[in-house]
Structures are given as structure tokens and as C-alpha cells.
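S.K.: Quick one: structure below, then a few questions.
2 protein chains.
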Amino acid sequence: MLRSCAARLRTLGAPRWLPEGWRAPGSEPRAAQRSFSSEEVFHKDYAVPNPSWNKDLRLLFDQFTKKCEDGSWKRLSSYKRGCALRVKDFQTHFLDPKHMKEEQTSKAQLFTRSFDEGLGFEYVMFYSDVEKRMVCLFQGGPHLEGAPGFLHGGAIATIVDTTTGTCAVITGGVVMTANLNINYKRPVPLCSVVVINCQLDKVEGRKIFISCSVQSVDEKTLYSEATRYASASPEISVGSCCTCVTSAPLRTGEINVY
Amino acid sequence: MLRSCAARLRTLGAPRWLPEGWRAPGSEPRAAQRSFSSEEVFHKDYAVPNPSWNKDLRLLFDQFTKKCEDGSWKRLSSYKRGCALRVKDFQTHFLDPKHMKEEQTSKAQLFTRSFDEGLGFEYVMFYSDVEKRMVCLFQGGPHLEGAPGFLHGGAIATIVDTTTGTCAVITGGVVMTANLNINYKRPVPLCSVVVINCQLDKVEGRKIFISCSVQSVDEKTLYSEATRYASASPEISVGSCCTCVTSAPLRTGEINVY
Chain A
1 MLRSCAARLR TLGAPRWLPE GWRAPGSEPR AAQRSFSSEE VFHKDYAVPN
51 PSWNKDLRLL FDQFTKKCED GSWKRLSSYK RGCALRVKDF QTHFLDPKHM
101 KEEQTSKAQL FTRSFDEGLG FEYVMFYSDV EKRMVCLFQG GPHLEGAPGF
151 LHGGAIATIV DTTTGTCAVI TGGVVMTANL NINYKRPVPL CSVVVINCQL
201 DKVEGRKIFI SCSVQSVDEK TLYSEATRYA SASPEISVGS CCTCVTSAPL
251 RTGEINVY
Chain B
1 MLRSCAARLR TLGAPRWLPE GWRAPGSEPR AAQRSFSSEE VFHKDYAVPN
51 PSWNKDLRLL FDQFTKKCED GSWKRLSSYK RGCALRVKDF QTHFLDPKHM
101 KEEQTSKAQL FTRSFDEGLG FEYVMFYSDV EKRMVCLFQG GPHLEGAPGF
151 LHGGAIATIV DTTTGTCAVI TGGVVMTANL NINYKRPVPL CSVVVINCQL
201 DKVEGRKIFI SCSVQSVDEK TLYSEATRYA SASPEISVGS CCTCVTSAPL
251 RTGEINVY
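Protein chains in written order, with the UniProt record's numbering: chain A, 1 to 258; chain B, 1 to 258.
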């Protein structure tokens with residue numbers, strides 16, 4: 001069952017660019033509100049301010065939202081997970097059913113959006129097509145603790161993976177295999193806001209090279225640096241769609257990002 | 001305020017070896033049960049089977065538990081976080097108070113233990129001092145999803161960081177700065193069990209090199225490979241204690257691991 005992920009994206013008419021509210025040609029627009037609370041949760045865009053966001057995060061959000069006004073930057077929407085139908089379709093082709101029971105499937109949620117408001121990953125990503133640059137504004141909540149008072153190294157790796165993976169998909173389309181290389185330089189205080197600057201360094205044939213930095217809001221502290229190597233491909237097999245599948249979960253009529 | 005983390009560990013009489021139930025000389029043994037439910041949660045050892053563990057994880061746990069009988073292997077305990085007093089002490093010296101409000105501090109939980117039973121990271125680590133090898137048995141729950149049906153790349157990075165970080169602390173003592181390099185080869189099905197084999201490759205002066213693999217239970221599928229470079233040091237400054245603080249949160253009279 002080596003049906004390609006790329007073929008699915010083509011079917012959906014997926015562009016390389018994933019701006020806020022984008023949907024595939026001919027697809028139905030999403031309902032603004034659903035009658036079921038669970039549906040509301042899954043269709044809610046989480047990449048917008050909520051009461052847990054601190055002053056730094058709100059200020060940065062406002063600054064980048066302003067940059068979006070002339071179209072040079074775009075905010076990327078983010079949801080808890082794809083719709084049930086799409087999930088089932090995806091699993092049929094990529095997952096051995098023995099691994100997952102129906103009960104578990106129904107509980108599945110996107111890792112970075114599976115926390116209650118303010119406790120885990122609070123973030124929003126903005127992308128500039130002109131600059132080939134992505135910025136992720138991130139506030140790591142109290143349930144992401146490593147040592148007392150600091151973010152867990154895995155939480156930093158997660159937001160770095162999320163940002164670089166999304167950047168890879170946007171700039172390179174579907175991506176297969178990946179290497180993530182992170183240098184941890186300083187511990188990140190829990191509940192502080194950091195800015196992840198991510199850019200496409202170069203494209204060599206089907207190879208994509210991305211780098212990013214994790215900095216304090218005032219840019220005086222460099223917490224981490226990371227690089228991501230990935231290989232873009234029009235055909236993705238079951239065994240090598242790691243980056244693709246961790247970077248762009250599919251939804252009805254659109255591609256959402258983390 | 002550059003009081004070293006290493007000095008703290010020396011004060012506690014911390015060994016490089018962190019077996020189940022280890023405590024510092026002269027320290028009081030932990031109460032088996034506390035009267036407050038929150039205290040019970042923080043003092044509960046989560047590295048033992050619970051109803052969410054599937055058959056594969058239970059079988060592997062039993063196999064490694066048997067290996068522990070002759071003392072060649074040790075199971076590592078794992079808790080939600082350190083005691084309030086230790087946390088406060090740690091923060092005083094390593095964290096600018098402006099970053100964290102009391103309300104946030106009280107909600108802090110170890111990232112990998114902050115999920116409800118079965119939804120997130122279910123894992124247990126065993127270590128062989130003879131073989132200088134660590135094994136982490138890991139079941140990734142439905143709230144760790146990346147693409148539909150698969151683990152998020154960040155969740156894999158997190159359990160890899162946890163395992164290699166703990167291995168670094170055990171084999172090298174206190175560790176400063178770190179590089180984590182992960183090759184994602186195949187996507188990991190959600191709710192399946194994987195085995196992370198981690199070993200100390202070499203020690204050059206104060207430099208520690210660790211490598212690990214993430215494999216299926218039958219060892220037929222290699223999901224990821226990773227390396228970790230770290231530098232052991234007797235003196236850790238605020239700016240470079242990343243690996244140390246994300247690997248070995250302190251508790252009253254003992255050092256717990258992830």
C-alpha cells in the first residue's frame with residue numbers, strides 16, 4: 001500500500017503556501033461554528049491570543065499582525081487535529097490497524113495542541129514568502145517543565161521541529177525523511193516567551209536546508225540553534241514520509257499546520 | 001549568582017548511579033504515602049505498569065524487571081516533579097523571578113509526566129552499569145499525535161532527549177551544554193511500543209558521546225537514530241546548565257530522573 005502522500009496533496013490541490021484560511025479549489029468553506037462542542041474544539045483556530053498569553057506574546061502578535069496588513073507576512077492557522085474522515089483515510093494507507101484501537105483513535109490530538117489553555121504550547125507562526133522566513137512566537141507553559149523553572153529540552157525540540165517542519169513543507173512542498181540537529185546553549189525559563197526565527201538556507205535539487213534560532217524577546221539571549229535537513233519528493237512511501245506526516249496533518253479541504 | 005549545580009549535587013552526596021529508591025546519605029527516607037492528594041501525585045513513581053500499558057510494554061517491563069534480580073540492571077524511578085522547597089531553592093539561583101509568577105510555579109509539572117494516564121508519555125528506563133547501556137520502553141499515547149495515526153516528531157525528540165540526557169547524567173555526572181542530533185527514518189505509529197537503546201560511546205576528557213536507536217519491539221523496524229554530545233563539568237554556570245537541569249531535577253534527599 002504505497003500510495004503516495006504527494007498524490008493526496010495534489011488531489012487536494014494543495015499549494016506550497018499555507019496562509020490563514022486557505023482552502024483547496026472547489027472545497028467547502030469550514031463552518032464557523034459547529035453544534036457539537038468537540039467539533040468546535042477541533043475546528044477552533046488556536047493560533048490567536050487567549051487569556052493565558054502574557055504581555056510579551058500579545059505585543060509580538062500585534063506587531064506581526066500589523067506586518068500582515070500589506071500581505072508581505074501571513075499568519076498560519078493551527079488546529080487540534082484533522083477531521084475524522086481524513087484521519088481514517090490517512091490511517092488506512094499509512095498505518096497497520098493492529099497498532100491502534102478505535103478507542104485510542106478517538107482520543108488522538110495534535111501533540112502541540114493537546115494541553116489545556118496556557119499549560120503547554122502557546123504559539124503562533126507567521127511566514128514571509130518574500131523573505132522565505134518563518135517566525136514562531138512561543139510561550140512554554142508550566143506543564144512543559146524540565147528542571148524546576150525551566151523548559152524541558154524535549155519541549156524546545158518539539159517547537160523547533162514544528163517550526164522547521166512547517167517551514168520545510170511551505171518552501172519545499174511535501175518532504176520525506178528528516179534530520180533535526182539542535183544545540184542547546186542556555187536553559188529557557190518556564191512561562192517566558194521566545195522567538196524562533198526560521199529560514200530556508202538553500203535548496204539543492206530536492207534537498208532542503210533550514211536553520212533556526214531560539215531567542216529571547218529582546219534578542220539578547222540565544223537559547224538554542226538548530227538545523228533541519230529534508231528531502232522534497234513528489235512521491236512519498238510509507239517508510240519515508242516522516243517529515244511530511246509530522247508537518248502537515250490533513251483536514252477537509254485544506255492543509256493545516258501545527 | 002553563579003552558585004554551581006555541581007556543588008549542590010556534592011552537598012547531596014549525589015552518586016553517578018541513580019538506582020531505584022536511592023537517597024543521599026543522612027537524608028530522610030520518603031514517606032510511602034502522604035495525606036494530601038497532590039503530594040501523593042508528586043511522590044508517586046510513574047515508571048511502573050498502569051492499566052493503559054499494552055501487552056508489549058508489560059511483557060518488556062517483566063523481562064527487564066527479571067534482569068534486575070541479579071543487580072546487573074536497575075530500574076529508574078520517575079516522578080512528576082521535585083518538592084516545593086527544592087524547586088524554590090533551585091529557582092532562586094537559576095531563574096530571574098520576573099519570569100515566573102507564584103501561580104505558574106504551583107502548576108509546574110515535568111513535561112513527560114504531565115499527561116493523564118495513557119494519553120501521553122508512558123515509559124520506564126532501565127540501566128546496566130556493566131554494559132554502560134540504557135533502555136527506555138516507551139508507549140506514545142494519543143495526545144502525542146503528529147500526522148493522523150503517528151507520533152509527533154517532537155514527541156520522539158522528547159523521549160530521545162529524556163533517555164540520552166539521563167544516560168549522560170548517569171555516566172558523566174553533571175553535564176553542561178548539549179547537542180542533540182536526530183535522524184527520523186520512519187514514522188512511529190501512535191500507541192505502539194518502541195524500545196530506545198542508548199549507550200555511552202566514548203568519553204574524551206570531559207566530553208561525553210552518547211548514541212541511541214528507536215526500534216520496534218521485534219527490532220525489525222528502525223524508526224530513528226540519534227546522537228548526543230555533552231560536556232561533563234564539576235562547575236556549572238547559569239548560562240550553560242542546560243543538560244544538567246533538563247536531565248536531573250532535584251528532590252528532597254535524592255535525585256530523580258525523567
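Every residue gets a Cβ at the ideal spot worked out from N, C-alpha and C, and that includes glycine. On a predicted model such as this, the values are computed, not experimentally measured, just so you know.
Using beta-carbon positions only, say whether G140 of chain B and C198 of chain B come within less than 8 Å of one another.
M.R.: Within the second sequence, numbered from 1, the residue matching residue 140 of chain B stands at position 140. Within the second sequence, numbered from 1, the residue matching residue 198 of chain B stands at position 198. Contact flag unset, no.
S.K.: Where does residue 263 of chain B land, buried or exposed, given buried means 16+ other C-beta within 10 angstroms?
M.R.: This structure gives no information on residue 263 of chain B, because the portion of chain B shown stretches from 1 to 258.
S.K.: Please report the straight-line C-alpha distance between R30 of chain A and L110 of chain A, rounded to a whole angstrom.
M.R.: Here residue 30 of chain A corresponds to residue number 30 of the first sequence, with the count starting at 1. Here residue 110 of chain A corresponds to residue number 110 of the first sequence, with the count starting at 1. The predicted model places R30 of chain A with a pLDDT of 40, which falls under 50 and marks its position as unreliable; any figure quoted below should be read in that light. The alpha-carbon atoms of R30 of chain A and L110 of chain A are separated by roughly 19 Å.
S.K.: Nearest-angstrom Cα distance between L200 of chain A and K132 of chain A?
M.R.: For the purposes of this step, residue 200 of chain A is taken as residue 200 along the first sequence, with counting starting at 1. For the purposes of this step, residue 132 of chain A is taken as residue 132 along the first sequence, with counting starting at 1. For L200 of chain A and K132 of chain A, the distance between alpha carbons rounds to 6 Å.
S.K.: What does the alpha-carbon distance come out to for the pair K55 of chain B and L144 of chain A?
M.R.: As a first step, residue 55 of chain B must be located in the second sequence, where it is residue number 55. As a first step, residue 144 of chain A must be located in the first sequence, where it is residue number 144. Rounded to the nearest angstrom, the two C-alpha atoms are 29 Å apart.
S.K.: Taking all protein chains shown into account, decide if E117 of chain A is buried (16 or more other Cβ within 10 angstroms of its Cβ) or exposed.
M.R.: One-based indexing of the first sequence puts residue 117 of chain A at position 117. That one is exposed.
S.K.: Hey, how far is the Cα of P142 of chain A from the Cα of G205 of chain A?
M.R.: If you number the first sequence from 1, residue 142 of chain A lands on position 142. If you number the first sequence from 1, residue 205 of chain A lands on position 205. Cα-Cα distance, rounded: 42 Å.
S.K.: In the DSSP assignment, the beta strand (DSSP E) including G140 of chain A goes from what residue to what residue?
M.R.: Here the question's residue 140 of chain A lines up with position 140 in the first sequence. It spans R133 to G140 - the beta strand (DSSP E) in which G140 of chain A sits, taken as one unbroken run.
S.K.: Which chain A residues sit within Cβ distance under 7 Å of D161 of chain B?
M.R.: Position 161 of the second sequence, counted from the first residue, corresponds to residue 161 of chain B. Result: G153, G154 and A157.
S.K.: For G71 of chain B, count neighbouring C-beta atoms within 10 Å of its own C-beta (all shown protein chains included) and say buried if the count is 16 or more, exposed if not.
M.R.: Within the second sequence, the letter at position 71 stands for residue 71 of chain B. Answer is exposed; the Cβ neighbour count stays below 16.
S.K.: Please confirm if the segment 118-138 of chain B is in contact with the segment 159-167 of chain A, defined as three or more CB-CB distances below 8 Å between the two stretches.
M.R.: The segment 118-138 of chain B, when compared against the segment 159-167 of chain A, does not touch it at the 8 Å Cβ threshold.
S.K.: Could you tell me which uninterrupted alpha helix (DSSP H) segments, each at least 4 residues in length, are contained entirely in the UniProt domain "Thioesterase" (149-221) of chain B, listed from first to last along the chain?
M.R.: Within the UniProt domain "Thioesterase" (149-221) of chain B, the complete alpha helix (DSSP H) runs of at least 4 residues are 153-172.
S.K.: Are there 16 or more other CB atoms within 10 angstroms of the CB of K74 of chain A, so buried, or fewer, so exposed?
M.R.: Counting from one through the first sequence, the residue named residue 74 of chain A turns up at place 74. Its Cβ being crowded by 16 or more others within 10 Å, K74 of chain A is buried.
S.K.: Under 8 Å between C-beta atoms, does E122 of chain B make it to chain A?
M.R.: Taking the first residue of the second sequence as 1, we reach residue 122 of chain B at position 122. For E122 of chain B, the answer is no, since every Cβ of chain A falls outside 8 Å of its Cβ.
S.K.: With 8 Å as the limit, tell me which residues of the segment 218-231 of chain A have their beta carbon closer than that to any beta carbon of chain B; keep them in chain order.
M.R.: Correct list: empty, as no residue qualifies.
S.K.: Answer yes or no: does any C-beta atom of chain B fall closer than 8 Å to that of R81 of chain A?
M.R.: Here residue 81 of chain A corresponds to residue number 81 of the first sequence, with the count starting at 1. So yes, R81 of chain A belongs to the interface.
S.K.: Between B:Y223, B:S77, B:S52 and B:G173, which has its C-alpha nearest K207 of chain B's C-alpha?
M.R.: Position 207 of the second sequence, counted from the first residue, corresponds to residue 207 of chain B. Answer by Cα proximity: B:G173.
S.K.: Can you have a look at V130 of chain A and say buried or exposed, based on whether 16 or more other CB atoms are within 10 angstroms of its CB?
M.R.: The count along the first sequence starts at 1 and reaches residue 130 of chain A at position 130. Flag for V130 of chain A reads exposed.
S.K.: Just to confirm, are residue 261 of chain A and T112 of chain B a CB contact at a threshold of 8 Å?
M.R.: In the structure displayed, chain A extends from 1 to 258; residue 261 of chain A sits before or after that span and is not available.
S.K.: Would you mind working out which of A:T158, A:Y223, A:A226 and A:A230 sits nearest F209 of chain A, comparing C-alpha positions?
M.R.: Here residue 209 of chain A refers to the residue found at position 209 when the first sequence is read from its first residue. Nearest C-alpha to F209 of chain A: A:A230.
S.K.: Where does K74 of chain A fall in DSSP's three states?
M.R.: Reading the first sequence from its first residue, position 74 is the one you call residue 74 of chain A. Three-state DSSP puts K74 of chain A in a strand.
S.K.: Name the two residues that bound the continuous alpha helix (DSSP H) containing F64 of chain B.
M.R.: To locate residue 64 of chain B, count along the second sequence from 1; it is residue 64. It spans K55 to K67 - the alpha helix (DSSP H) in which F64 of chain B sits, taken as one unbroken run.
S.K.: Please identify the residue among A:K202, A:L119 and A:E225 whose C-alpha is closest to the C-alpha of I182 of chain A.
M.R.: Sequence index remark: in the first sequence, residue 182 of chain A carries index 182 (1-based). Of A:K202, A:L119 and A:E225, the residue nearest in Cα terms is A:E225.
S.K.: Pick out whichever of B:Y46, B:V188 and B:H43 has its Cα sitting closest to the Cα of I196 of chain B.
M.R.: Locating residue 196 of chain B in the second sequence gives position 196, where the first residue counts as 1. When only C-alpha atoms are compared, the closest one is B:V188.
S.K.: Can the beta-carbon of Y46 of chain A be found less than 8 Å from the beta-carbon of S78 of chain A?
M.R.: Indexing the first sequence from 1 puts residue 46 of chain A at position 46. Indexing the first sequence from 1 puts residue 78 of chain A at position 78. Yes.
S.K.: So who's on the other strand from V124 of chain B, going by DSSP bridges?
M.R.: Translated into the one-based positions of the second sequence, residue 124 of chain B becomes position 124. For V124 of chain B, which the question treats as bridged, DSSP gives the partners B:L137.
S.K.: If you count every other CB in all the chains shown that lies within 10 Å of the CB of L222 of chain B, and 16 or more means buried, which is it?
M.R.: Translated into the one-based positions of the second sequence, residue 222 of chain B becomes position 222. It counts as exposed.
S.K.: According to a CB-to-CB cut-off of less than 8 Å, which residues of the segment 179-201 of chain B neighbour chain C?
M.R.: The structure shown has no chain C; the protein chains it does contain are A and B.
S.K.: Any Cβ of chain B within less than 8 Å of the Cβ of P49 of chain A?
M.R.: The residue given as residue 49 of chain A occupies position 49 in the first sequence. Chain B, which has no Cβ nearer than 8 Å to the Cβ of P49 of chain A, makes this no.
S.K.: Does H143 of chain A have its Cβ less than 8 Å from a Cβ in chain B?
M.R.: Here residue 143 of chain A refers to the residue found at position 143 of the first sequence. H143 of chain A counts as touching chain B.
S.K.: Answer with buried or exposed for D161 of chain B, where buried requires no fewer than 16 other C-beta atoms within 10 angstroms of its C-beta.
M.R.: Counting from one through the second sequence, the residue named residue 161 of chain B turns up at place 161. Buried is the call here.
S.K.: Return yes when the Cβ of T158 of chain B is within less than 8 Å of the Cβ of H43 of chain A, no when it is not.
M.R.: Counted from its first residue, the first sequence places residue 43 of chain A at position 43. Counted from its first residue, the second sequence places residue 158 of chain B at position 158. Contact: no.
S.K.: Once DSSP output is grouped into helix, strand and coil, what is the label at R113 of chain A?
M.R.: Translated into the one-based positions of the first sequence, residue 113 of chain A becomes position 113. DSSP places R113 of chain A in helix when its eight states are reduced to three.
S.K.: Just to make sure I have the definition right: I need the residues of chain B whose C-beta is within less than 7 Å of the C-beta of A168 of chain A. Which are they?
M.R.: Reading the first sequence from its first residue, position 168 is the one you call residue 168 of chain A. Near A168 of chain A there are no residues of chain B at all, since even the closest Cβ is about 11 Å away, more than 7 Å.
S.K.: Using DSSP with H/G/I as helix, E/B as strand and the rest coil, what is S231 of chain A?
M.R.: Mapped onto the first sequence, residue 231 of chain A falls at position 231. It is a strand residue.
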